[in-house]
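Numbering that gives the first Met the number 0 puts the sequence shown at residues 0 to 306.
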Amino acid sequence: MRPFFYIYDRNEDTLAVAEAEACVLADGEVVGHGVVEGKARIACAETGFMRAGAELLARGRTLEKLVGCIRERGLSADRYRIVAEPIPRTVGGDHRAIRAVAACIEGPADLRNPTEEFLLVVSSGGFWFGRLIPKGCDRWREFDRRPRPFCNAAPLRLVRAAIGLSTQPGDRVHDPCCGSGTIPFLAWTMGRRAYGTDRSWPAVAMARENLAHFGCPVTIGHADARATDYQSDCIITNPPYDLYCPTNESTVPGMLASFRSAAPRVTVITAMDLAPLVTELGYTVERAIPVRRHDFERTLYIMRSPE
């Protein structure tokens, strides 16, 4: 039995990337409607789309089977609270499930100042119960309040997921189209060795101001993405949309050709269809995940460079 379970954001526009992030970070797989079981312990507030997680204590296809499993464990807790998550939220039955589970726990409940919290997932596909994992720190969201915002910057949650899907802590991450600095900043907050460049001097100035505002020591340099010579473990970038730099389907091939010798892994967030181009350039596409925001659709391409 995998030791942890997680729930994640099920908004239709971002469901594919949320599910991928949960499976990869948790080292697990989807086992029910909106539920992933995995081997890794994750602080969900530090991810893009994971909502909550717990150490798995019991599961059951029905409430009766869940209650039976909890009773077999002989669970006791002092001043506890049960946090119920119905999936979907319209499924109902969570209050009945809370009462049934609470009746199996020896010890007093405390809804205001608990010393221990449990997560109870109620869905049409089954029930999961466990000790809630602390959510961790989500200070990375403060970048939404940066002094120099950029209207076409990739959403923070999408960038967070892209970094988690593409890299490991300690990896060197380079964004050669860094714009306002979103990717270098978030990579730094996730324990990566980040670096950013842009061929637009206004973008370089904007990114430097934003990162300095948050005390982020990441270096931002001036360089053309079509001649990338900085070596990294992974390039992660969201090419601009003809605002500060004219970037179109005639420019992108030069970028992607340059990236091949600069990093063994390349992740691109873009509204362009890159499939024919990256195949021609010899990339191996590990994932191509569609993501919508309002009426704007992007694809998250996670690729390996040709050897």
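From the three backbone atoms N, C-alpha and C, an ideal C-beta is built for every residue, glycine too.
Three-state secondary structure (DSSP) of residue i
i: S257; result: helix
i: F344; result: Residue 344 is absent from the model: the chain starts at 0 and stops at 306.
i: H221; result: strand
i: P289; result: strand
Chain-order list of residues whose beta-carbon lies under 7 Å from that of residue i (same chain, five-residue window excluded)
i: L95; result: Strictly speaking, residue 95 in this sequence is Arg, with Leu absent from that position. Nothing listed; no residue qualifies.
i: I301; result: L164, S165, T266, E285, R286
i: C176; result: D197, A224, T236, N237, P238, P239
i: A44; result: K134, G135, C136, D137
i: D50; result: Note that residue 50 is Arg in the sequence shown here, rather than Asp. Same-chain partners within the cutoff: I6, Y7, D8, C43.
i: R140; result: L155
Residue i - partner residues in DSSP beta bridges
i: A57; result: F128
i: A270; result: None; A270 has no bridge partner.
i: T114; result: Its beta-bridge partners do not exist; DSSP assigns none.
i: F4; result: E36, A53
i: A312; result: Summary: the structure shown does not reach residue 312, with the chain confined to residues 0 through 306, and so no result is reported for it.
i: M302; result: V265, V284
i: R138; result: Note: R138 sits in no beta bridge, so no partner.
i: R207; result: The partner list for R207 (beta bridge, DSSP) is empty, contrary to what the question assumes.
Own chain residues within Cβ distance below 8 Å of residue i, not counting five before or after
i: L74; result: L56, C103, I104, E105
i: L119; result: I81, V82, A83, E84, D93, A96, I97, V100, F126, W127, F128
i: P146; result: E208, N209, H212
Contact under 7 Å by Cβ, residue i with residue j
i: V172; j: I219; result: no
i: F117; j: F184; result: no
i: D174; j: I182; result: yes
i: G195; j: P168; result: no
i: T298; j: P305; result: no
i: A160; j: E20; result: yes
i: R60; j: F3; result: no
i: A326; j: G37; result: As shown, the chain starts at 0 and ends at 306. That puts residue 326 outside it, with no answer to give.
i: I132; j: G67; result: no
i: T283; j: R303; result: yes
i: V35; j: G27; result: yes
i: V158; j: W187; result: no
i: A153; j: I268; result: yes
Proximity test, residue i beta-carbon vs the ligand COA heavy atom, cut-off 6 Å
i: K38; result: The ligand COA is not part of this structure, which contains no ligands at all.
Chain C contact for residue i (CB, 7 Å cutoff)
i: D12; result: Checking the listed chains, one finds no chain C in this structure; it contains a single protein chain.
Practice task
List in chain order: all unbroken alpha helix (DSSP H) runs of 4+ residues lying wholly within the region 40-111.
Solution key: 62-72, 93-101
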